[in-house]
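Engineer: To convert a position in the sequence shown, counted from 1, into our numbering, add 23. Quick reminder that beta carbons are idealized off the backbone N, C-alpha and C, glycines included.
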Amino acid sequence: MCSMTELINKLKSGKALSKAEFVELINCDDKARGEMRSLAEKIRIENYGHDVYMRGLIEFTNYCKQDCYYCGIRKSNLNCDRYRLSFDDIMLCCEEGYGLGFRTFVLQGGEDAYYNDDRICRLIDGIKKKYPDCALTLSIGEKPRESYKRYFDCGADRYLLRHETASREHYQKLHPESQKFENRIRCLWDLKEIGYQVGCGFMVGSPYQTSEYIAEDLLFIRELNPQMIGIGPFIHHKDTIFRDFSDGTLEMTLKLLSIIRIMLPKVLLPATTALATIDPRGREKGILAGANVVMPNLSPVQVRKAYQLYDNKVCTGDESAQCRACLETRINSVGCRLVEARGDSKNI
Ligand code: 5AD
Ligand code: FES
24 MCSMTELINK
34 LKSGKALSKA
44 EFVELINCDD
54 KARGEMRSLA
64 EKIRIENYGH
74 DVYMRGLIEF
84 TNYCKQDCYY
94 CGIRKSNLNC
104 DRYRLSFDDI
114 MLCCEEGYGL
124 GFRTFVLQGG
134 EDAYYNDDRI
144 CRLIDGIKKK
154 YPDCALTLSI
164 GEKPRESYKR
174 YFDCGADRYL
184 LRHETASREH
194 YQKLHPESQK
204 FENRIRCLWD
214 LKEIGYQVGC
224 GFMVGSPYQT
234 SEYIAEDLLF
244 IRELNPQMIG
254 IGPFIHHKDT
264 IFRDFSDGTL
274 EMTLKLLSII
284 RIMLPKVLLP
294 ATTALATIDP
304 RGREKGILAG
314 ANVVMPNLSP
324 VQVRKAYQLY
334 DNKVCTGDES
344 AQCRACLETR
354 INSVGCRLVE
364 ARGDSKNI
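Below you can see the structure in the form of structure tokens.
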């Protein structure tokens with residue numbers, strides 16, 4: 024048995040890998056990657072069958088006070104057409120989504136002062152009262168613990184906040200000095216303690232990323248043990264200072280999806296829109312590598328193009344119903360089915 028297979032077996036057995044061992048897995052050859060892919064698919068099926076959950080993503084504001092160097096809606100991007108959806112707009116998105124079978128809504132937005140805690144709570148309350156059978160996920164950035172607690176007490180079930188990188192050194196290369204690594208990590212632990220189903224994650228191939236940094240991401244993920252992990256390739260945006268950096272690759276993203284599925288068999292793992300953007304069959308390949316969630320857009324078509332975190336994002340011209348139908352065909356093509364369920368994580 025070669026040492027790579029031993030390492031993969033060690034990961035599968037739930038034993039803790041060292042940073043050096045993770046680096047070895049991250050740098051493995053195509054043969055080991057294939058081995059991990061088949062194993063990850065098997066583990067996905069053992070835990071979630073052939074079900075793929077769908078989440079309706081509502082990108083409700085692209086105003087943002089943060090200035091992450093990689094992101095197209097960063098506050099310094101003066102070329103970005105800013106918009107925010109109203110309470111009624113958002114309720115209409117949910118109504119359409121509910122009719123299409125969505126049972127999770129994800130409210131995602133920039134850190135927008137207009138949407139203060141009172142307004143966010145009103146939204147949570149409105150959605151949860153009208154759709155008590157649905158899960159509500161927030162993805163609205165870094166907040167004080169008290170705010171997270173208020174949203175939770177209003178009925179929010181889940182929170183997505185990618186940690187972006189688990190290395191302080193790398194974090195400061197991706198963000199201005201004012202954005203602190205410690206605060207990001209504090210947010211994730213607070214969310215977990217409050218009782219949310221939590222999602223962290225990072226970009227694959229972000230500027231200055233090394234295999235060592237990715238190994239630190241995997242160590243952090245193992246420690247946090249979240250319910251969801253969002254990873255997708257970095258894709259440059261023309262109006263950011265990272266415009267000249269190359270994009271993350273399909274191969275590395277798929278490899279990491281498989282490693283994560285093997286490490287945390289019950290975690291929820293989306294095949295992201297960014298993955299679909301770098302490869303026309305990215306989402307399907309993501310599912311085959313171990314992913315089990317898709318997050319199509321429910322935002323009104325008029326605003327979709329303005330929520331461009333990166334260039335050439337797919338699906339910005341499609342109606343929600345078209346995306347639903349398109350995804351169904353795609354998911355079926357890899358032997359899975361889209362299910363109308365809340366799709367709570369089994370990683371508890
Ligand atoms: N490429 C890929 N992903 C990006 N994100 C932000 N900008 C980009 C980009 N240029 C990701 C970040 C963020 C999530 C909402 O989108 O990881 O947390
Ligand atoms: Fe949006 Fe295919 S998922 S058009």
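So, for Arg237: in the same chain, excluding its five sequence neighbours on each side, which residues have a beta-carbon less than 6 Å away from its beta-carbon?
Structural biologist: What sits at residue 237 in the sequence shown is Ile, not Arg. Once the five neighbours on either side are set aside, the close Cβ partners of Ile237 are Ile49.
Engineer: For Arg347, tell me which candidate among Tyr333, Thr339 and Asn320 has the shortest Cα-Cα distance.
Structural biologist: When each option's Cα is compared against that of Arg347, the closest is Asn320.
Engineer: Cβ-heavy atom distance between Phe257 and ligand 1 below 8 Å?
Structural biologist: It does: the Cβ of Phe257 is within 8 Å (strictly closer) of some heavy atom of ligand 1.
Engineer: Quick one: complete alpha helix (DSSP H) runs, 4+ long, within the segment 313-364?
Structural biologist: Taking only runs of at least 4 residues, the alpha helix (DSSP H) segments lying wholly in the segment 313-364 are 324-327 and 343-356.
Engineer: When you compare the CB positions of Leu184 and Cys144, do they come within less than 9 Å of one another, or not?
Structural biologist: No, the Cβ-Cβ distance between Leu184 and Cys144 is not below 9 Å.
Engineer: Nearest-angstrom Cα distance between Leu30 and Arg173?
Structural biologist: Approximately 43 Å, taken between the alpha carbons.
Engineer: To which residues of the same chain is Arg353 closer than 7 Å at the C-beta, ignoring the five residues directly before and after it?
Structural biologist: Closer than 7 Å at Cβ, skipping near neighbours: Arg306 and Glu307.
Engineer: Do His260 and ligand 1 come close, with the Cβ less than 8 Å from some heavy atom?
Structural biologist: Correct: His260 has its Cβ closer than 8 Å to ligand 1.
Engineer: In angstroms, rounded to a whole number, what distance separates the CA positions of Arg327 and Ser26?
Structural biologist: Between Arg327 and Ser26, the C-alpha separation is close to 47 Å.
Engineer: Which residues mark the beginning and the end of the beta strand (DSSP E) in which Ser162 is found?
Structural biologist: Here the beta strand (DSSP E) through Ser162 covers Ala158 to Ser162.
Engineer: Between the segment 47-64 and the segment 90-107, do three or more beta carbon pairs fall short of 8 Å?
Structural biologist: Touching, no.
Engineer: Can you tell which of Phe83, Leu241 and Val324 has its C-alpha closest to the C-alpha of Arg142?
Structural biologist: Answer by Cα proximity: Phe83.
Engineer: For Tyr137, I'd like the list of residues in its chain whose CB is within less than 8 Å of its CB, leaving aside the five on either flank, ordered along the chain.
Structural biologist: Excluding residues within five positions, the ones whose Cβ falls inside 8 Å are Thr84, Tyr86 and Arg107.
Engineer: Asp176: buried (16+ other C-beta within 10 angstroms of its C-beta) or exposed?
Structural biologist: So Asp176 counts as exposed.
Engineer: Any Cβ of chain D within less than 9 Å of the Cβ of Asn85?
Structural biologist: The structure shown contains no chain D, having only a single protein chain.
Engineer: Whole angstroms are fine: how far does the CA of Lys289 sit from the CA of Leu311?
Structural biologist: Straight-line Cα distance between these residues: approximately 16 Å.
Engineer: Can you tell which of Val46, Glu47 and Gly57 has the C-alpha that lies nearest to the C-alpha of Ser281?
Structural biologist: Checked all of Val46, Glu47 and Gly57; the closest Cα to Ser281 is Gly57.
Engineer: Sorted by chain position, which residues of the same chain lie with C-beta nearer than 6 Å to Lys215's C-beta, five sequence neighbours on each side aside?
Structural biologist: Val221.
Engineer: According to DSSP, is Gly79 helix, strand or coil?
Structural biologist: Strand, per DSSP.
Engineer: Please confirm whether Ile283 and Ile258 have their CB atoms less than 9 Å apart.
Structural biologist: Cβ atoms of Ile283 and Ile258: not closer than 9 Å.
Engineer: May I ask which residues mark the beginning and end of the beta strand (DSSP E) holding Gly132?
Structural biologist: From DSSP, the beta strand (DSSP E) with Gly132 extends over Thr127 to Gly132.
Engineer: Using CA coordinates, which residue listed in Ser41, Gly358 and Asp135 is at the minimum distance from Arg105?
Structural biologist: Closest by alpha carbon: Asp135.
Engineer: Can you tell which of Leu197, Asn355, Gly79 and Cys210 has the C-alpha that lies nearest to the C-alpha of Lys166?
Structural biologist: The shortest Cα separation from Lys166 among Leu197, Asn355, Gly79 and Cys210 belongs to Cys210.
Engineer: Considering only C-alpha positions, which residue in the set Tyr231, Leu247 and Asp180 is nearest to Arg207?
Structural biologist: When only C-alpha atoms are compared, the closest one is Leu247.
Engineer: In this structure, how does DSSP classify Leu291 when only helix, strand and coil are distinguished?
Structural biologist: Reduced to three states, the DSSP call for Leu291 is strand.
Engineer: In angstroms, rounded to a whole number, what distance separates the CA positions of Thr300 and Lys336?
Structural biologist: Each residue's Cα considered, the two are about 6 Å apart.
Engineer: Can you find the residues in the same chain that come closer than 6 Å, C-beta to C-beta, to Glu239, ignoring five residues on each side of it along the sequence?
Structural biologist: Counting only Cβ-Cβ distances below 6 Å, and skipping sequence neighbours, we find Ala189 and Ser190.
Engineer: Specify, as a first and last residue, the run of the beta strand (DSSP E) that Gln372 falls within.
Structural biologist: The structure shown has nothing for residue 372, since the chain only spans 24 to 371.
Engineer: Does Arg181 come out as helix, strand or coil in the three-state DSSP assignment?
Structural biologist: In the structure shown, Arg181 sits in a strand (DSSP, three-state: E or B).
Engineer: State the Cα-Cα distance for the pair Gln195 and Lys369, rounded to the nearest angstrom.
Structural biologist: So the alpha carbons of these two residues sit roughly 34 Å apart.
Engineer: Any heavy atom of ligand 1 closer than 8 Å to the CB of Ser162?
Structural biologist: Indeed, a heavy atom of ligand 1 lies less than 8 Å from the Cβ.
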